[in-house]
Amino acid sequence: MEPTSKAINAAKAAAPQFLLDRGTAVPVLVGRQEDFLHIAGLAGTAYDIASLTNGGAHAYTLAGAMGAACMIGLGLALACPDKRILVTTGDGELLMSLGALATIAVMNPPNLSILCVDNGHYGETGYQVSHTSLGVDLEAIASGSGIKLTRTVETEADIAEGARILRQGNATAFVLLRVKPTDPPKFKLNLDGAVCREAFRKALLQPA
Amino acid sequence: MTANSGASGTARWQDELYDELRRHDVTQFAYVPDAGHSVLISRSLADPAVHSVRLTTEEEGVAMLAGADLGGRKGVLLMQSSGVGNCINMLSLMKGARFPFLTLVSMRGDYGEGNPWQFAMGQAVEPVLKAMDVLCLRVERPEDVLPTLRAALTMVFQGGQAVAVLLTQRLIGAKKF
Numbered sequence: 052m053e054p055t056s057k058a059i060n061a062a063k064a065a066a067p068q069f070l071l072d073r074g075t076a077v078p079v080l081v082g083r084q085e086d087f088l089h090i091a092g093l094a095g096t097a098y099d100i101a102s103l104t105n106g107g108a109h110a111y112t113l114a115g116a117m118g119a120a121c122m123i124g125l126g127l128a129l130a131c132p133d134k135r136i137l138v139t140t141g142d143g144e145l146l147m148s149l150g151a152l153a154t155i156a157v158m159n160p161p162n163l164s165i166l167c168v169d170n171g172h173y174g175e176t177g178y179q180v181s182h183t184s185l186g187v188d189l190e191a192i193a194s195g196s197g198i199k200l201t202r203t204v205e206t207e208a209d210i211a212e213g214a215r216i217l218r219q220g221n222a223t224a225f226v227l228l229r230v231k232p233t234d235p236p237k238f239k240l241n242l243d244g245a246v247c248r249e250a251f252r253k254a255l256l257q258p259a
Numbered sequence: 276m277t278a279n280s281g282a283s284g285t286a287r288w289q290d291e292l293y294d295e296l297r298r299h300d301v302t303q304f305a306y307v308p309d310a311g312h313s314v315l316i317s318r319s320l321a322d323p324a325v326h327s328v329r330l331t332t333e334e335e336g337v338a339m340l341a342g343a344d345l346g347g348r349k350g351v352l353l354m355q356s357s358g359v360g361n362c363i364n365m366l367s368l369m370k371g372a373r374f375p376f377l378t379l380v381s382m383r384g385d386y387g388e389g390n391p392w393q394f395a396m397g398q399a400v401e402p403v404l405k406a407m408d409v410l411c412l413r414v415e416r417p418e419d420v421l422p423t424l425r426a427a428l429t430m431v432f433q434g435g436q437a438v439a440v441l442l443t444q445r446l447i448g449a450k451k452f
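Read top to bottom, the protein sequences are chains A and B. Residues 52 to 259 in our numbering are what the first sequence lists, from first letter to last. Residues 276 to 452 in our numbering are what the second sequence lists, from first letter to last.
Structure (structure tokens):
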């Protein structure tokens, strides 16, 4: 059981609903996954994206370095202005690197989109509640950081607009996808970051 | 400023540093604003051929340079010694996935330091970086700045290593209080 208190219960009651299923919502939001170079943060989103891309070399999935995903995406977006970059990260990882939203907003690369899969929990460590279950709104933080193009996707009806924003391409985009706290798709991740680095660079820089 | 650097002397080797980084096609400059790197930062801001990225905290720059490498470009992280501590876990990327990594560190908390708050992190810079497999090259004299940077560029972008060039207070002078 989570420790409870009046404050936590009140915050939970005021928090948004987490209704969508990540296993269906993420693929629909991303659409044609091969249109993007992917960076995925550790834990749930690494499985979401590795599963969606079938472990493709155009997806670099992390299994550590928590907080890295958004800034790896910025470096890649600046390096490859002709490619579209999608960073997929969880609420826990994004909470650890909120300053990156400010850094990215100032640079505002138009070929960078960030998809935060927010299940309100730290799934990897046993589903402890995160701040976003307790009233913290990551879309408001992204917007307040200066990212102009932001949306929250909470229901089926929001998905088409979220998908459009991720591909709009005239400014850095941020989409907060609220999902139920359920496990990500199962996939055998390659945990050798050096091998994945070589594969990603080879596919991008020396295509066959 | 100390006698062996002086304002104009410092500016000269900083300009040489920038020119050398550009000769090696370094196009991403990441930094938390710092007096010790002011010339490099202002040169990068004025250069339309590079991306000059102000960070909120130094570890953002470590991750950014991994992204630059994935995209086939070179970058450098400019930071003060206090920022090294912020980078420790993010250096897992460099050690674990063997990303090349170049940082220039302007030192505090060593030669001639007058602010006691600076010593803890300043003195921990080398052991902390070495613990994360970052090689440290200390520079004490203006004439060693450029050769050390050239050595570091080779070690990083040919040798695939993580290297920190430590610009010591003997070189840059201790801040006066």
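Beta carbons are placed, not taken as given, at the ideal position from N, Cα and C, and that holds for glycine. Computed from a predicted model, the values in this text were never measured in an experiment.
Label alanine 224 (chain A) either buried or exposed according to how many other C-beta atoms from any shown protein chain fall within 10 Å of its C-beta, with 16 as the threshold for buried. buried
Whole beta strand (DSSP E) elements within the stretch 314 to 397 of chain B, 3-residue minimum: 326 to 329, 349 to 355, 376 to 381
So which residues on chain B does arginine 252 (chain A) lean against when the C-beta distance must stay under 7 Å? Leu345, Gly347
Would you identify the three-state DSSP class for aspartate 209 (chain A), choosing helix, strand or coil? helix
Is there a Cβ of chain A sitting closer than 8 Å to that of leucine 330 (chain B), yes or no? yes
Three-state class that DSSP yields for alanine 140 (chain A) in the structure shown: Here residue 140 (chain A) turns out to be threonine, not alanine, going by the sequence shown. Correct three-state label for threonine 140 (chain A): strand.
In DSSP terms, what tyrosine 173 (chain A) is bridged to: A:Gln179
Taking a cut of 9 Å between CB atoms, which residues from the stretch 109 to 126 of chain A lie near chain B? Tyr111, Leu113, Ala114, Gly115, Ala116, Met117, Gly118, Ala119, Ala120, Cys121, Met122, Ile123, Gly124, Leu125, Gly126
Cut-off 7 Å between Cβ atoms - residues of its own chain near isoleucine 363 (chain B), not counting five sequence neighbours on either side: Val403, Met407
Of all Cβ atoms in chain A, is any one closer than 8 Å to the Cβ of leucine 410 (chain B)? no
Label phenylalanine 69 (chain A) either buried or exposed according to how many other C-beta atoms from any shown protein chain fall within 10 Å of its C-beta, with 16 as the threshold for buried. buried
Would you decide whether phenylalanine 394 (chain B) is buried or exposed? Buried here means 16 or more other CB atoms lie within 10 Å of its CB. exposed
If the cut-off is 8 Å on Cβ atoms, which residues from the stretch 351 to 381 of chain B count as contacting chain A, listed in chain order? Asn364, Met365, Ser367, Leu368, Gly371, Ala372, Arg373, Phe374
I need the boundaries of the alpha helix (DSSP H) containing alanine 254 (chain A), first residue and last residue. 244 to 256
Measuring alpha carbon to alpha carbon, tell me which residue in B:Glu388, B:Trp392, B:Phe376 is nearest leucine 428 (chain B). B:Phe376
Who are the neighbours of valine 157 (chain A) on chain B, taking C-beta pairs under 9 Å? Val328, Arg329
Roughly how many angstroms separate the alpha carbons of alanine 449 (chain B) and leucine 441 (chain B), rounded to a whole number? 14 Å
If you measure from the beta carbon of cysteine 167 (chain A) to each beta carbon in chain B, is any gap under 8 Å? no
Reference tryptophan 392 (chain B); option with closest CA among B:Gln433, B:Ser319, B:Ser357: B:Ser357
Taking Cβ to Cβ, would you say proline 132 (chain A) is nearer than 8 Å to asparagine 162 (chain A)? yes
Check whether the Cβ of leucine 240 (chain A) lies closer than 8 Å to any Cβ atom in chain B. no
Opposing strand residues paired with isoleucine 90 (chain A) [DSSP bridges]: A:Tyr111, A:Val138
Can you find a C-beta in chain A that's less than 8 Å from the C-beta of glutamate 333 (chain B)? no
Contact with chain A by glutamine 433 (chain B), beta-carbon distance below 8 Å: no
Quick check on DSSP: helix, strand or coil for serine 194 (chain A)? helix
Going by alpha carbons, who is nearest to threonine 96 (chain A) out of A:Thr233, A:Cys247, A:Glu249, A:Gln257? A:Thr233
Under 8 Å by beta carbon: chain A residues contacting glutamine 303 (chain B): Gly126, Leu129, Ala130
Would asparagine 279 (chain B) pass as an interface residue toward chain A - the criterion being a Cβ-Cβ separation below 8 Å? With a pLDDT of 42 at asparagine 279 (chain B), under the threshold of 50, the modelled position of this residue cannot be trusted, and the question is left open.
Relative to the alpha-carbon of methionine 382 (chain B), which residue among B:Gly371, B:Gln355, B:Val359 has its alpha-carbon at the smallest distance? B:Gln355
Determine the chain A residues that contact leucine 340 (chain B) at a beta-carbon separation under 8 Å, and present them in chain order. Gly126
In the structure shown, what three-state DSSP assignment does phenylalanine 238 (chain A) receive? coil
Less than 8 Å between the beta carbons of valine 337 (chain B) and leucine 296 (chain B), yes or no? no
Cβ-based neighbour list, asparagine 279 (chain B), same chain, cut-off 6 Å, excluding 5 preceding and 5 following: For asparagine 279 (chain B), the predicted structure reports a pLDDT of 42, less than 50, and the residue's modelled location is therefore unreliable. The matter cannot be settled from this model.
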